[in-house]
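Numbering (my numbering), first residue to last: 17 to 449.
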Ligand SMILES: Cc1ncc(COP(=O)(O)O)c(C=O)c1O
């Protein structure tokens, strides 16, 4: 059977029989009687996704926080096609290729004064974090320092591989990992005050602190108090710990600047990028490091010094080509300049249309990332925010809730009219929930 012969009902039947979806209540998903059925997405254009029955949805969470310039952007599609006609994949072990070399140079050039000149490629946000954790350990060991712990904040989310999940601070997601033997020694701290309060010898054992700069996404778009990054940079410098900025969500314009760290004028020692790196086209991640980290870990082959970490698809040429096209779109289309009035428009729409609703507890916004927290419903029922999202979907907005928080972060290319319609769909969805 070919793809085009399938009806949406047939796709769903096959899916329900064979697929296993992430972060999904499986029994409900399997239940064909569950209404409304999930959309079967078959195409997209700009900020809009289309399902097999011809219905259109605004991509209200940018296909899980990945898409920046819209679906099927001609510049990115052309770059991937051109690379496909050269080679789809070749190994980065003992060989290199132009797209990776150029992309690494372009990513390094996004930071002033060559602050983060080394780029290590991997596949996803989680693997960018895993690589950073491994670098932290190698860096300290190479300096004869046995510090093993990494500090991470409550409510944090850094991915789902075991190392990344061990850093997580969301009980529902990470309890099962943290309840077992720890794959990593993690000091979970509630915030900057708790970090500052660590006893001196514990502070000296911390090799790195990892943070989602400005906003903790998976915690429901929780905003950090202003100045947190500056304080954290100072704490790390005082204690000889490395600072890992997890900009998997916040990188590439989402907070209004290219990187969230810029807003507090700090440079991390390690920077993790994924999601929007390819414009949302395909999996590719990068861990950027200072020269000091690279030089400390590097050593002669005779000493068998290497960074023993990697994946089969490291620096995949198609992903690198998409990522270079993504950066070109930022430069050529003035994405960040065009975004500023949209951020202001989103702020006023949320203030006027959403915040006054009786069901709304709090509206949080960081750049073009918004979280709308509803007042909790009965604890024995699914979150009201889920019902609101489903109702908004019926009105053409596709997005997801995290507990009682509805996330709204459309592609940066969304038009102001689309934004207004999305907020209206959400307003009606919340009123009915
Ligand atoms: C801040 C942050 N770090 C890491 C990740 C993990 O990325 P991935 O899902 O690509 O592994 C996510 C995913 O949502 C994230 O939001």
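Here a beta-carbon is modelled for each residue, glycine too, at the ideal position from N, C-alpha and C.
It should be emphasised that the depicted structure is a prediction, and the values quoted were computed from it without experimental measurement.
Quiz prompt | Residues passing the C-beta test against ligand 1 heavy atoms, cut-off 5 Å | solution = 140, 141, 142, 174, 175, 228, 233, 262, 264, 265, 290
Practice problem: Select from 148, 140, 141, 143 the residue whose C-alpha is nearest the C-alpha of residue 134. | Solution: 148
Exercise. Taking the CB atoms as reference points, tell me whether residue 122 and residue 99 lie closer together than 8 Å.
Key: no
Quiz item: When the distance is taken between beta carbons, is residue 237 closer than 8 Å to residue 386?
Solution: yes
Self-check item: Close-in-space but distant-in-sequence residues of the same chain around residue 9 (CB under 7 Å, 5 per side omitted)
Solution: Outside the modelled stretch of the chain, which goes from 17 to 449, sits residue 9, for which no answer is possible.
Exercise. State yes or no: is the C-beta of residue 66 nearer than 7 Å to some heavy atom of ligand 3?
Key: As presented, the structure is devoid of ligand 3, carrying ligand 1 as its sole ligands.
Quiz item: Whose CA, out of 428, 217, 331, 389, lies closest to the CA of residue 401?
Solution: 389
Quiz item: Measuring CB to CB, does residue 232 end up less than 8 Å from residue 174?
Solution: no
Quiz prompt | Exposure of residue 229, with buried meaning 16 or more beta-carbon neighbours within 10 Å | solution = So residue 229 counts as buried.
Exercise. Return yes when the Cβ of residue 223 is within less than 8 Å of the Cβ of residue 150, no when it is not.
Key: no
Quiz item: What is the rounded straight-line gap between the Cα of residue 269 and the Cα of residue 352?
Solution: 6 Å
Exercise. Determine the closest residue to residue 271 out of 425, 55, 306, with distance taken between C-alpha atoms.
Key: 425
Quiz item: So residue 202 and residue 183 are in contact, right, with Cβ under 8 Å, and what is the actual spacing, rounded?
Solution: A Cβ-Cβ distance of about 6 Å is found for the pair residue 202 and residue 183, placing them in contact under the 8 Å criterion.
Quiz item: Just checking my contact of residue 257 with residue 225 at CB under 8 Å: how many whole Å lie between their CB atoms?
Solution: With a Cβ gap of about 6 Å, residue 257 and residue 225 count as contacting.
Practice problem: Look up residue 87 in the DSSP assignment and give the residues it is bridged to. | Solution: 62
Exercise. Taking residue 48 as part of the beta strand (DSSP E), name the residues at either end of that continuous run.
Key: Here residue 48 belongs to no beta strand (DSSP E), and DSSP marks it neither H nor E.
Exercise. Have a look at residue 166 and residue 154 and give me their C-alpha separation to the nearest angstrom.
Key: 13 Å
Quiz item: Residues bridged to residue 226 by DSSP?
Solution: According to DSSP, which records beta bridges pairwise, residue 226 is partnered with 168, 260.
Practice problem: Note the first and the last residue of the continuous beta strand (DSSP E) segment covering residue 446. | Solution: Per DSSP, residue 446 belongs to no beta strand (DSSP E); it is in the alpha helix (DSSP H), 432-448.
Quiz item: Since residue 75 is in the beta strand (DSSP E), which residue starts that stretch and which ends it?
Solution: 72-75
Quiz item: Between residue 295 and residue 341, is the Cβ-Cβ spacing less than 8 Å?
Solution: Cβ atoms of residue 295 and residue 341: closer than 8 Å.
Quiz item: Can the beta-carbon of residue 52 be found closer than 8 Å to that of residue 378?
Solution: no
Quiz prompt | Selected residue, minimal CA-CA separation from residue 375, among 381, 37, 67, 422 | solution = 422
Practice problem: Sort out for me which residues DSSP pairs residue 454 with in a bridge. | Solution: Outside the displayed range of the chain (17 to 449) lies residue 454, so it cannot be described from this structure.
Practice problem: Name the residue from 313, 343, 361, 319 whose alpha carbon lies nearest to the alpha carbon of residue 156. | Solution: Answer by Cα proximity: 313.
Quiz item: So residue 410 is in the alpha helix (DSSP H); what residue range does that whole segment cover?
Solution: Annotation: the continuous alpha helix (DSSP H) that includes residue 410 extends over 400-410.
Practice problem: Starting from residue 67, follow its DSSP beta bridges and name the residues at the other end. | Solution: 57
Quiz item: Who pairs with residue 421 in a beta bridge, going by DSSP?
Solution: Answer is 389, 418, bridged to residue 421.
Practice problem: State buried or exposed for residue 36, treating a residue as buried only when at least 16 other CB atoms are found within 10 Å of its CB. | Solution: Answer is exposed; the Cβ neighbour count stays below 16.
Exercise. Kindly identify the DSSP beta-bridge partner or partners of residue 301.
Key: 138
Practice problem: Report the residue from 384, 437, 418, 413 whose alpha carbon sits nearest the alpha carbon of residue 74. | Solution: Nearest neighbour of residue 74 by Cα position, chosen from 384, 437, 418, 413, turns out to be 413.
Quiz item: According to DSSP, which residues form a beta bridge with residue 203?
Solution: 167
Quiz item: Buried or exposed: where does residue 324 fall if 16 or more other Cβ atoms within 10 Å of its Cβ makes it buried?
Solution: Exposed, by the Cβ-count rule.
Self-check item: residue 450, buried or exposed, once every other Cβ within 10 Å from all chains shown has been counted against 16
Solution: Residue 450 lies beyond the range of the chain shown here (17 to 449); nothing can be said about it.
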